[in-house]
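No gaps in the numbering here: position 547 of the sequence shown is 540 in our numbering, and each next residue is one more. For glycine and all other residues, C-beta sits at the position ideal for the given N, C-alpha and C. Below is one structure; the comments refer to it alone.
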Amino acid sequence: MQSAPTLRESLQPRLPLADPEAARARLAEIAPALPPGFLTPPCRDLLLGLADHSPFLWRACLRAPERLVALLEQPPDAASREIIARQRAVGAACGVNPDLAEVGKRLRANREAHALLVALADLGGGWDVAAVTRALSGFADASVSAATEALLRQGLATGRFRAPDPDAPQAGSGLIVLGLGKLGGGELNYSSDIDLVIFYENEAAAAATGGDPKPFFVKLAQGLVKLLSDRTAEGYVHRIDYRLRPDPGSTAVALSTGFAFDYYQTLGQNWERAAFIKARPIAGDIPAGAAFLAELAPFIWRRHFDFPAIAEIHALKRQIHMVRGHDTIAVAGHDIKIGRGGIREIEFFVQTQQLVFGGRKPSLRGRGTVAMLGGLAAAGWIDGRARDELTEAYGFLRTLEHRIQMVRDEQTQRLPTGTEALTGLALFAGFPDLAAFETALLHHAGRVQAHYALLFEAETVADDILVFGESEPEPATLERLGAFGFRNPPRAWETVQGWHLGRRPALRTGRAREILAEMLPALLQALGGTADPDEALLALDRAFARMPAVAELLAILRSHERLRLLFADILGTAPRLADTVGLSPHVLDTVLDADFVSPPLDPAAAEAQYRMLVGQPASHEEVLDRCRDATRQMAFVTGARLLSGILTPRQAGEAYTAIAEATVALSLEAEERRFAQDHGAVPKGRCCVLALGRLGSRQLSAASDLDLVFLYDFDPEDRISDGRRSLDAVVAYNRLAQRLFAALTTATRRGRLYAVDLRLRPYGSHSPPAVQLSGFTAYHRDGAEPWEHMALARARVVAGDATLGAAVTAEIAAILSQQREPAKVCAEAGAMRALVARERGHAGPYDLKLAPGALFDLDFLAQAIVLSHAHDWPDCIGLGAEALFRWAAGRGLLPDEAAESLAETYRFLDAVYQWQRLVMVDPTTEPSETAARQIAKAVGLPDARSLAADLCRHRRRSQALLARIRRTVA
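Below, the structure written as structure tokens:
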């Protein structure tokens, strides 16, 4: 029998290069470690492609060239089976009382090897997408089984668990670990998380644990997360998502099968039925898992044709917040999973019809998407064209999904926004250029959208059963409100009836009442698709109470379903954005712009957009109004993009910063022109605005104020302005500064721009609002406190005269670069932090600015590092805290592990900080359940409890690291 060819022998890569010279240079670095004759032309092409397109895969190659060689010199199927077998054996191979740290290390090592193998086989043309997803799913099965085995063996060793067979502790344990989603369907993607649900059969589990089994299995579920999801220097194994269990917001991560049956039979939703189509026992007591699913089958598969499931599953898709902003098929920034024409639409197309027809047709109960497209066609529910086009599109999109994720091993399905990055991805996906890639993507996505629309989007809202004029609600109306998603239909009915009865003055006009009556069913359906429909409805009612008129807003919402969905989301999750819409309904129009999903990330582009919005006002009052309109609109779009997942928290901070910079720059120009009309200009006079705090570090949030210092300089020999009402230069610049700050802070009929804090200028509130450069220099060289020098570490000129700005920047660099004793800097910083703690305290564990171990402490550390070491290494000036910690590690100033931990904590806390200020009225207090869920989801956590735990863990870790650093420096 002829042996299968090795992967190297069968390579057929198609990977055009974006930067051939750089790729060849990288390959030259590893070539000496490869055997003679190894680099055949196809092998060379494959490795050049990895070097050019995937930092993640190239690092894996560099880390172990001998592993690369070994993988390529085997048949890929055999190599995959060997690694999967090795992974599955880890739990037992580590002994009767396994060292979990060693278990995790082995699991992570196998994961990197398998990830590299899968990429080589996929990119080298050895596997199609079905083979890729099958191998990834098999490896994940093995990972979960090995981790489960290790944790059960640890339980055996400590006496907390007794197995019927100690050599096979999972068998007969009563523990059921189900894989759902793509893992359950054997369709896992390259960097996917894995959806798990953990149950236990009470009788067998109680016998194994000697009592109530819940604490043991809950701890085991938590242990699985630690073993598989925690990221270390060796990477991670799999991210685990437990949110598909019953009522995830209020239940433990491991539940009894008895509780599960009661829940699904009484409270189970159609989306849960859809989720369990792919459920499969992957670890624990496999026969018990299979029996559980067999007993649950009547819940999943209804005996009649279940056509109402179509509307409910479509509503589920509309509840997925990330889909906002993707109603139009695009290329740049498009999400190929949840956007229009994406993977999710194909899956919903299949799963919905499985739910409708699978109860009567057991042949339609399979887990595989492509196989079930064939089954639906064979059963006559779809035609051959739909089957073929969706199958082809599914293969295209899943392959593209893998290419996106292979670049940096990130769980994302979003296409890049920049042309260069998009072109690189197109080449990585095997296309000759970006145009060919765009044509293929739009072709497949258009087909998917068309088939999806035929199934779902002909549905209309049944508004004839929504009656709000009676003294008591009709049962049919309450039933419809419940179907929309409202948990308390009577209260929702009472709220809407109040609108009809004119309890809100804004709704008393004939036009407002006419539009409301016409669009009310669609509006309620949109509210029902939010995370908390009842709270969203109450938020809308409060908005109506504050607004003098609502006809304009209702007309906009009536015309655009996409805006209704976004507005509903905003009402439920982002009160600041909801207030903005209430004040200026037309900000919603910006979401319809084509560039909503492709935001400009360059500050210069943001300034250009700002100036375009302001235009050429005819009067100073119009300048103030247009600036407020422009700032409000651009800030709203930034918040909506963050809410939609288009911007990351860091990008949102940079976007808010760019808006503020443009606002300050244009306001200064306007005030200088107005001032010159009255007082003329100071000969050779110059002024600029220095930003500090989060504006200086480009980290503004939706609720940030601006820390500013107004600086000026002039010729002392010619200090009188040349206007008709001339002024001394000092008086002139102080008045100009007052005018600027008034323009930024004064509330007009269009609101105000920003709160401005001037206390970081020399001598603080005891000094005039404007500071001469010479005074600024003298103060910081002779009289400033150390903390004031630390504040300069985030200082940056954002507006005004460029030559003065350059002089100020140079002076700040000179101040920061003074030679200082690190121990003294550390002591002074510690004393200042203690003073802040005594005088200001903190609002609690969610005060991510002032709580111990939070952002204030980490920023203080970063600023102290700059003060201590800028004399020797001036390149540290201007770095953000996260980058600075890694910079310090590179200079030997911090241990690598400590620096990475500090950077990770800073990134996490700053992300939560951004989200707090978007979705909470008071971001320092404990968030509501809805806000906590929203924040947790945004930062990749399953629930509010996990968010609270992660915040506590990060702050405790940073406190410990800071204490260790202080001891080292002292």
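Item, Value
"Simplified DSSP state of Thr502, which is helix, strand or coil", "coil"
"Opening and closing residue of the beta strand (DSSP E) in which Val968 lies", "For the chain, the structure presents residues -6 to 963; residue 968 sits outside this window and is missing."
"Per DSSP, the bridge partner or partners of Tyr705", "Cys680 and Gln765"
"Whether Ala542 touches Ala499 by CB criterion (8 Å)", "yes"
"Buried or exposed (CB count within 10 angstroms, at least 16 for buried), Pro425", "exposed"
"Buried versus exposed call for Gln909 [16 or more other C-beta atoms within 10 Å across all chains shown]", "buried"
"Chain-order list of residues whose beta-carbon lies under 6 Å from that of His523 (same chain, five-residue window excluded)", "Per the sequence presented here, residue 523 reads as Thr, with His not at that position. Cβ neighbours of Thr523 beyond the five flanking positions: Ala529, Ala561, Asp562 and Gly565."
"Gln626 versus Thr573: straight-line alpha-carbon distance, rounded", "8 Å"
"Neighbourhood of Asp456 by C-beta distance below 6 Å, restricted to the same chain and skipping five residues each side", "Summary for Asp456: the model assigns pLDDT 48, below 50, so the residue's position carries little reliability; its value from the coordinates is reported in the next sentence. Excluding positions up to five away in sequence, the list reads Pro514."
"Where the beta strand (DSSP E) through Asp234 begins and ends", "Arg232 to Asp234"
"Burial state of Met605, where buried means 16 or more other Cβ atoms lie within 10 Å", "exposed"
"Reduced DSSP category for Ala308 - H, G, I as helix; E, B as strand; rest coil", "Here the model assigns Ala308 a pLDDT of 48, short of 50, so the residue's position is not dependable, and the following value carries that caveat. Helix, per DSSP."
"Where the alpha helix (DSSP H) containing Phe132 begins and where it ends", "Val122 to Thr151"
"Element boundaries [alpha helix (DSSP H), containing Ala816]", "Pro815 to Arg833"
"Beta-carbon contacts of Leu619 that lie in its chain and below 6 Å, excluding the five residues immediately before and after", "The amino acid occupying residue 619 in the given sequence is Arg; Leu does not appear at that position. Hits under 6 Å: Val607 and Pro610."
"Own chain, CB closer than 6 Å to Val616, minus 5 neighbours either side, in chain order", "Pro610 and Ala663"
"Length-filtered (3 minimum) beta strand (DSSP E) runs lying within the stretch 389 to 448", "none"
"Pairwise C-alpha distance: Leu248 and Val211", "8 Å"
"Residue environment, Gln765, which counts as buried when at least 16 other CB atoms sit within 10 Å", "buried"
"Within 8 Å, strictly: CB atoms of Ile77 and Ala135", "yes"
"C-beta atoms of Leu144 and Leu171 nearer than 8 Å", "no"
"Length at least 3, wholly inside the stretch 202 to 254: the beta strand (DSSP E) runs in chain order", "232 to 234 and 247 to 249"
"Alpha-carbon spacing of His672 relative to Thr738, whole angstroms", "23 Å"
"Alpha-carbon spacing of Phe389 relative to Glu382, whole angstroms", "11 Å"
"Ser951 versus Met783: straight-line alpha-carbon distance, rounded", "20 Å"
"C-beta contact flag for Gly334 and Ala267 at 8 Å", "no"
"Segments assigned alpha helix (DSSP H), at least 4 residues, entirely inside the stretch 722 to 782", "722 to 738 and 766 to 771"
"Unbroken beta strand (DSSP E) run spanning Val190, endpoints", "Asp186 to Tyr193"
"Euclidean distance between Cα positions of Glu338 and Gln346", "12 Å"
"Classification of Asn103 by the beta-carbon crowding that lies within 10 angstroms, buried from 16 upward", "buried"
"C-alpha distance - Ala820 paired with Cys869, whole-angstrom precision", "21 Å"
"Beta-ladder partner(s) of Gly172, from DSSP", "Leu189 and Arg273"
"Rounded C-alpha distance that separates Gly689 from Leu872", "11 Å"
"Under 8 Å between C-beta atoms of Leu220 and Ala140", "yes"
"Closest by C-alpha distance to Thr923, when choosing among Thr412, Tyr193 and Asp527", "Asp527"
"Beta-carbon contacts of Gln927 that lie in its chain and below 6 Å, excluding the five residues immediately before and after", "Thr566 and Val912"
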